[in-house]
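Structure, as structure tokens:
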Amino acid sequence: TNDRFRDWATEHPQVREPGFLIKGGYRNGRLWFDEAALALEKSTASV
């Protein structure tokens, strides 16, 4: 969540932009990402 980044968001305001931080994690030896967020990022990057 963005809560982890509040202490340095003043110096790095991009962490507050929607889509900058993508939800994900590491589980059972595999890295995963929120696929819906990645798709949204790709669609807005091409605009």
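First residue of the sequence shown: 1, per our numbering; consecutive thereafter. Think of the CB as a built atom: it goes at the ideal place given N, C-alpha and C, for glycine as much as any other residue.
- Restricting attention to 36, 30, 6, 12, the CA atom closest to the CA of residue 23 is found in 36.
- Each residue's CA atom was taken as its position, placing residue 25 and residue 32 some 5 angstroms apart.
- In the DSSP assignment, residue 8 falls outside any beta strand (DSSP E), carrying neither H nor E.
- Taking residue 34 as the centre and dropping the five residues before and after it, the same chain places the C-beta of 22, 23, 24 closer than 7 angstroms to its C-beta, in chain order.
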